[in-house]
Each structure stands twice: as structure tokens, then as C-alpha cells.
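Residue 11 is where the sequence shown starts when you use our numbering, and the numbers rise one by one after that.
Positions of the beta carbon are idealized from the N, C-alpha and C atoms, including for glycine.
Report on the following structure.
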Amino acid sequence: MKRLMRLRASQHLRDLCAETEFSRAQLIQPFFVVEGLKNEEAIAGLRGNVRHNIPSALRQIEKDLNDGVTQFLLFPVPAEKRDSGFDHRSTHQTISEIRRQFGSSLCLWIDTCLCSYTTHGHCAVLDERGIKLEETLDELAKSAVAFAEAGADGISPSDMMDGRVARIRTGLDEKGFEMVPVMSYSTKFASNFYGPFRNAADSAPQFGDRRHYQLDVRNRNDAIAASRRCAEEGADLLMVKPGMTSLDLIRPIHEQTGRQVGAYQVSGEYAGMALLAEQGLIKFEEALLETWHVFKRGGAQFVITYGARYAKQLGV
Ligand SMILES: [Zn+2]
Numbered sequence: 011m012k013r014l015m016r017l018r019a020s021q022h023l024r025d026l027c028a029e030t031e032f033s034r035a036q037l038i039q040p041f042f043v044v045e046g047l048k049n050e051e052a053i054a055g056l057r058g059n060v061r062h063n064i065p066s067a068l069r070q071i072e073k074d075l076n077d078g079v080t081q082f083l084l085f086p087v088p089a090e091k092r093d094s095g096f097d098h099r100s101t102h103q104t105i106s107e108i109r110r111q112f113g114s115s116l117c118l119w120i121d122t123c124l125c126s127y128t129t130h131g132h133c134a135v136l137d138e139r140g141i142k143l144e145e146t147l148d149e150l151a152k153s154a155v156a157f158a159e160a161g162a163d164g165i166s167p168s169d170m171m172d173g174r175v176a177r178i179r180t181g182l183d184e185k186g187f188e189m190v191p192v193m194s195y196s197t198k199f200a201s202n203f204y205g206p207f208r209n210a211a212d213s214a215p216q217f218g219d220r221r222h223y224q225l226d227v228r229n230r231n232d233a234i235a236a237s238r239r240c241a242e243e244g245a246d247l248l249m250v251k252p253g254m255t256s257l258d259l260i261r262p263i264h265e266q267t268g269r270q271v272g273a274y275q276v277s278g279e280y281a282g283m284a285l286l287a288e289q290g291l292i293k294f295e296e297a298l299l300e301t302w303h304v305f306k307r308g309g310a311q312f313v314i315t316y317g318a319r320y321a322k323q324l325g326v
């Protein structure tokens, strides 16, 4: 009788046959720094994550580094919202203070978008007719250059505007940042699973939604084309988001572009597990690890997760 169960009978045999391995070096920890924030603020649902000011972010990074986290994704949240001519001084200060304190012991990616900067919370400069694409692309390229000048290791555009990767690449190259990589949110769906994040980043749209520029979850071809286009425009790394609802796309995107593809385990996915655990219905850490392995099995090279800082205690 064929016995597939034979090789599952002990931990040693299961480990011998494990097809996916996970390294802590392939987990990216997001964090939020809010300009002018007096004290840390809890974020509903995002266990182990708070909104930081600069000193508290520095303390958290130190702790995370001690726990073996080396990859970080900063979401800068400026105090003053505008509709154009954005001011990057507070983000510049955050990045340069992190760099000054920790040098090259961490890899610091910067989320590059306009939704935390605008009064309306959309990812673009708008006028009464809608998105002003050229002005938006200029602002994104300026942001990328400002972040690179402050000491960012990588730029991570999350806006989903046509042409942003090419414009950012050109902007960086013109200023001598040819070696700063772009990790593009290349296949990003309009989704219900971003809820907890929007509170953390002050980025909930004040009107309408983001379906004008984010992908329609019903469309596979469009989703792959979006990543392929980012690769053609010069993105070094690609990403699917939300991870859970994009599992079927990771491997095809990798095969069609030759680029490494990561999965963003978004705030709603993460908070869902945290809330289940609060109700005593699942074990949070074990569920987290389970999902990371599934992303890996699905072809993800790396995972962006609010739980990267739990990896060490999970034996990853
Ligand atoms: Zn945005």
C-alpha cells in the first residue's frame, strides 16, 4: 500500500523532507513614524506594532536588531498635509537619524507614496478632473531622491500610478543614486484588507476609493501585466499585495519577469490572526509561521510582515 504518511511520522522525517526553508533575512518589518507624535500610539489589530515618534522608533529598531530583524520598511507620516509641493524634511530627519544610529546594520526601505502627505488621502496629485499624472510622477521622483539623500537603502513605490518606476529610476540615476534599488509594489489590488494600516498611516481616502489605480481582484492578466511593466521600467524587486489574495500570481510573475517577487502580508491579514488569537481560537505565532511557509511555497522570495519581529522566537 502506498503510504505517504510514512515520511510524516516524526519531526526528523518531516524536517528531512521539508521543501521550503525560511530565513529571517527574508522577512521585512514595516514601521510607522508620525511627525510630532508625543507618545507611542497603539494600532488597532496590529499586535506588536505602534505608531512611533523618532526616539521610540530608534528604541524599537534597536530591539528588533537584537532579535535578528535586519530588513525594515518605513512608512513616514508627516504632520502637515498638502495637495502639492510636498515637504520631506520630517522624513529626511527620520531616515538620517536611523542611519546615524545604526549605520549599515540594517537595510532600510522607504515606502514612497503621496497618500500620507495629501489632505485627501489619495496616492496622487488631483484636480477636479482626477489624477494629475505628470505632477504625481514628478512628486514621487522627488520623494525618492530626498529619501536616498537622507540615507535610504531602497525605494518602495506603492502608489500604482502608470510610469512611476521609470520616473523614479531616472530621478535617482540623475542624482547619482544608480545603486539604490527599487522594490515596487507591482501587483497591488484594491482590497478590504488594508483597514488597520490606513489608521496607522493617516492614509484613508477622504472621498471615493482607490479602484481608479489599484488592481481589480477579478483580473489575473492585468495583475501580471502590472508587475511585468514595473520590471520593464527598471524595478529590481517586485511584490504582490495583499499576499493572501495573490498567492496564485507570485510564481507566474517570477517566471515571466525573472525578478524576485515578495508577498506583503497586509494589515488586515495580520490583524485577522491577532484577533482570532485574542478570542483564544488560534495560536497567533504558529499561525503566522504557517502563513509565511505558504508564501514561500507559493514562490515568494521574501515576505513583508508586521510579525517579522516574532521570527526569532518562532525559531526562524
Ligand atoms: Zn498611497
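Burial state of residue i (16 or more Cβ within 10 Å)
| i | result |
| --- | --- |
| E288 | exposed |
| S166 | buried |
| C27 | exposed |
| Q323 | exposed |
| H22 | exposed |
| F69 | Reading off the sequence, residue 69 comes out as Arg, not Phe. Classification of R69: exposed, given that the 10 Å Cβ count is below 16. |
| D163 | buried |
| Q224 | buried |
| R92 | exposed |
| H222 | exposed |
| P65 | exposed |
| L17 | exposed |
| G272 | buried |
| E184 | exposed |
| L14 | exposed |
| M283 | buried |
| Q275 | buried |
| M189 | exposed |
| G268 | exposed |
| R110 | exposed |
| L291 | exposed |
| M170 | buried |
| N231 | exposed |
| A241 | buried |
| T128 | buried |
| S213 | buried |
| R61 | buried |
| M11 | exposed |
| F42 | buried |
| F217 | exposed |
| S20 | exposed |
| A89 | exposed |
Start-to-end residues for the alpha helix (DSSP H) that takes in residue i
| i | result |
| --- | --- |
| V155 | L143 to A160 |
| I292 | Run containing I292: none; DSSP gives neither H nor E here. |
| P262 | L257 to T267 |
| V324 | In the sequence under discussion, the amino acid at residue 324 is Leu, which differs from the Val named in the question. Where L324 is concerned, there is no enclosing alpha helix (DSSP H), given that its DSSP letter is neither H nor E. |
| Q311 | Unbroken run through Q311: none, as it is neither H nor E. |
| L23 | Q21 to C27 |
Boundaries of the beta strand (DSSP E) in which residue i is found, first to last residue
| i | result |
| --- | --- |
| S166 | G164 to P167 |
| L37 | L37 to V44 |
| R61 | V60 to H62 |
| C117 | C117 to T122 |
| I105 | Unbroken run through I105 is the alpha helix (DSSP H), R99 to F112; no beta strand (DSSP E). |
| L14 | That residue, L14, is in no beta strand (DSSP E); it is neither H nor E in DSSP. |
| Q275 | V271 to Q275 |
| L10 | No information on residue 10 is available, as it lies outside the stretch 11 to 326 that the chain covers here. |
| V87 | Q81 to V87 |
Inter-residue CB distance, residue i and residue j (contact presumed, cutoff 8 Å)
| i | j | result |
| --- | --- | --- |
| E145 | V155 | That pair is no contact at about 16 Å. |
| I38 | A210 | Not quite, the Cβ-Cβ distance comes to about 16 Å (not below 8 Å), so this is no contact. |
| Y7 | Y280 | Since the first and last residues shown for the chain are 11 and 326, residue 7 lies out of range. |
| F187 | A158 | 4 Å |
| D246 | P191 | 4 Å |
| L143 | D172 | 7 Å |
| F82 | S153 | Incorrect: roughly 18 Å between the Cβ atoms, too far for contact. |
| K251 | K306 | 16 Å between Cβ atoms; not a contact. |
| L75 | L118 | Between L118 and L75 the Cβ distance is about 12 Å, and since that is not below 8 Å, they are no contact. |
| P262 | I234 | 6 Å |
| P215 | H132 | 5 Å |
| Y204 | G113 | Incorrect: roughly 33 Å between the Cβ atoms, too far for contact. |
| G55 | L285 | 6 Å |
| A318 | V44 | Incorrect: roughly 20 Å between the Cβ atoms, too far for contact. |
| H303 | T30 | 6 Å |
Quick one: which unbroken alpha helix (DSSP H) runs of 4-plus residues sit fully inside the stretch 182-238? Chain order, please. 205-210
Quick one, what's near ligand 3 if you take every residue whose CB is closer than 7 Å to any heavy atom, in chain order? In terms of ligand content, the structure shown lacks ligand 3 and carries ligand 1 instead.
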